[in-house]
Amino acid sequence: MEKSNFKAKISQISETAALVEFGRKISEDINKKVRTFCTYLDEKPFYGMVEYVPAFTSVSVIYNPLDMKSESPYEVVKVILDNIISKLDFSLEDEEHIVEIPVCYGGEFGQDIEQVAKINNITVDEVIKIHSEGKYLVYMIGFAPGFPYLGGMSEKIAAPRRESPRIAIPAGSVGIAGMQTGVYPIETPGGWQLIGKTPLKLFDLKRNSKSLLKAGDIVKFYPISYEEYVQLKEEE
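Numbering (the numbering used here), first residue to last: 8 to 243.
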């Protein structure tokens, strides 16, 4: 494997954690570096590593300081992480994994879709068309179990969060907040503008892979009718 000339910023954030920053600006290129690094940690975790937590542009690496056998455990971990990064080939292309998600737009499932249309001076049908024609990169999973933070939404349907968040948003609800779109995997409070709902379960404890999506996946939404929603929900 060719050595990388890329230098990440590594800093100590607690007695048991180091933060590896691959950049500050959210971008597909930076996020690809995050995923490449995490893949390596999955395949070859170093001795003493407990877990890692990826974000848009960084990864928090949790470790057991007692396993480092040093008066300065963080310095040992920093050397290990620097060494890992130097060996990574960030130029390798990801194998694209597309996940298609059906959405019943508007009506009782998308109570805010008219507001999103009004904000952008377009029709509801145009909101649906633009949203369902996009390809969305899963940057990370967070906020709630299985909640995907998606990038790539058109600015033509961007909308601010609601001034008054809802106490309970049903699982499967599809929303927009700013330049992001996402799907609520479980019932939770939230302030995103709701435009539809999917019958698919994004998070299911009964599945081997509990989260339907993972960082690096490409999501494509497609419109379905209410009748199709009911049928797919029964099958799910």
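Where a beta carbon is used, it is the ideal one built from N, C-alpha and C, also for glycine.
As the structure is a computational prediction, the values presented were derived from the model and not from experiment.
Between the beta-carbon of I164 and the beta-carbon of V110, is there less than 9 Å? no
Going along the chain, which residues of its own chain have a beta-carbon closer than 7 Å to the beta-carbon of Y47, five neighbours each way excluded? I91 and L95
- Out of curiosity, what's the CA-to-CA distance linking G256 and E133? Given that the chain is displayed from residue 8 to residue 243, the structure contains no residue 256 and the question cannot be resolved.
TODO: Measure how close the beta-carbons of F228 and S161 come, nearest whole angstrom, since I'm counting them as under 8 Å.
DONE: Their Cβ separation, rounded to whole angstroms, is 12 Å, which puts F228 and S161 out of contact at 8 Å.
According to DSSP, is A259 part of a helix, a strand, or is it coil?
Only positions 8 to 243 of the chain appear in the structure, and residue 259 is not among them; the question remains open.
| message | Does Y54 pass the burial test, meaning 16 or more other C-beta atoms within 10 Å, or should it be called exposed? | response | exposed
C-alpha gap between I20 and S93, whole angstroms:
22 Å
Out of K51, P196, I231 and Q238, state which residue places its alpha-carbon closest to the alpha-carbon of G114.
I231
Discussion item. Do L209 and L219 count as a contact pair if the criterion is CB distance below 9 Å?
Written reply: Yes. Within cutoff.
Cβ-Cβ separation, G182 to T188 (assumed contact under 8 Å), whole Å: 7 Å
Requested in this report: Return the CA-CA distance between M8 and E103, expressed in angstroms with no decimal places.
Outcome: Confidence at M8 is low in this model, with a pLDDT of 45, below 50, so the placement of that residue should be treated as unreliable; the coordinate-derived value is given next. Going from the Cα of M8 to the Cα of E103 covers about 22 Å.
Residues near K217 by beta carbon distance below 8 Å, same chain, minus five either side: P152, G153, F210 and D211
* Close beta carbons around S18, own chain, < 6 Å, minus the five adjacent residues each side -> L26
Task: Nearest-angstrom beta carbon gap, F63 and Y143 [assumed within contact, 8 Å] - done: Their Cβ separation, rounded to whole angstroms, is 14 Å, which puts Y143 and F63 out of contact at 8 Å.
Check your understanding: Under the rule that 16 or more other beta-carbon atoms within 10 Å means buried, what is G223, buried or exposed?
Key -> buried
Note to self: Mapping the DSSP letters down to three states, classify R173 as helix, strand or coil.
What the structure shows: strand
Leaving out the 5 sequence neighbours to the left and right, which residues in its chain are closer than 6 Å to M56 when beta-carbon positions are compared? Y70
Go through its chain and collect everything with a Cβ distance to P61's Cβ below 7 Å, but skip five positions before and after it.
-> V41, C45, M147 and A222
Cα-Cα, which of E100, P192, N128 and P72 is closest to E22?
P72
* **Three-state secondary structure assigned by DSSP to I87** => helix
I need the straight-line Cα distance from I126 to Y191, nearest angstrom please. 22 Å
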